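This note's numbering puts the first residue of the sequence shown at 384, with every later residue one more than the last. For reference, the structure discussed in these notes is given below.
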Amino acid sequence: MSAVLSTHDALTLADINQLDRVHFVAALGSVFEHSPWVATEAWAERPFASIDHLHRTMIGVVRSTSREVRIDFLRMHPELAGKEAQAGTMTDHSTAEQAGLNALTRDELLTLRRLNAEYAAKHGFPFIIAVLKNTRSQIFEALRTRIGRDTDTELDAAVEQISIITRLRLGRLLAH
């Protein structure tokens, strides 16, 4: 299938499996934040038997990269309720996922910014959590806990959170 699908069309797995590389990346390149290279690499593994298979392949691309590439990849993600959120410059995916953080009190927002800064200073990348799978209190608790971890453990935890986030994104993007 070389025809360009409208972003309003519900893509099916069959559609995805038939796309050439350019259109596959156009359809799925935004699933991983500012990282269309993940879709580019995953394309060669078609056909996918299921959305889970597609997702395992895509997150496997990330996990198979060097530590430095994974850290650079994590740095592409926005800080929770950070500057990008305030400026309205996050991707559509991140904007929708962080929408619940718009209701933070001023004190919560200041605390989140302070903890985010501590986390980034220690680990070298932003705190990442699947906001849609956690309550506000769980997010704060996880952030406080994860600041204290060693960076390699946290690198794995951040990629695992991205796995959860991107599986949710694929589920919303593809018709079942």
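In this text, a Cβ means the ideal position worked out from N, Cα and C, and glycines have one as well. The model shown is predicted, which means the values in this text are computed figures rather than measured ones.
For the alpha helix (DSSP H) holding residue i, just list the boundary residues, first then last.
i	result
Pro419	Pro419 to Trp426
Val444	Ile434 to Arg446
Arg404	Arg404 to Leu411
Which of helix, strand or coil does DSSP assign to residue i?
i	result
Leu493	helix
Thr394	The amino acid occupying residue 394 in the given sequence is Leu; Thr does not appear at that position. Strand at Leu394.
Leu463	coil
Leu556	helix
Thr518	coil
Leu457	helix
Thr534	helix
Ser385	Here Ser385 scores only 42 on pLDDT, less than 50, and its place in the model should not be relied on; the value that follows carries that caveat. Here Ser385 sits in coil by DSSP.
Ile548	helix
Glu543	helix
Thr488	coil
Ile399	helix
Glu416	coil
Arg529	helix
Ala503	helix
Phe523	helix
Met473	Legend: pLDDT at Met473 = 47, less than 50; position of this residue unreliable, no value from coordinates given.
Arg450	helix
Phe510	coil
Thinking C-beta only, is residue j closer than 7 Å to residue i?
i	j	result
Thr534	His506	yes
Phe510	Leu526	yes
Thr549	Val414	yes
Leu394	Leu557	yes
Ile512	Ile522	yes
Val408	Thr423	yes
Ser546	Ile442	yes
Under 6 Å: does the beta carbon of residue i sit that close to some heavy atom of the ligand SAM?
i	result
Met441	In terms of ligand content, the structure shown is empty, and the ligand SAM therefore cannot be addressed.
Inter-stretch contact (C-beta, 8 Å, three-pair minimum) for the segment 452-463 and the segment 427-440: Contact check between the segment 452-463 and the segment 427-440: fewer than three CB pairs, one atom from each, fall below 8 Å, which does not count as touching.
The segment 540-552 / the segment 486-501 touching (three or more Cβ pairs under 8 Å): Taking 8 Å as the limit for Cβ pairs, the verdict is that the segment 486-501 does not touch the segment 540-552.
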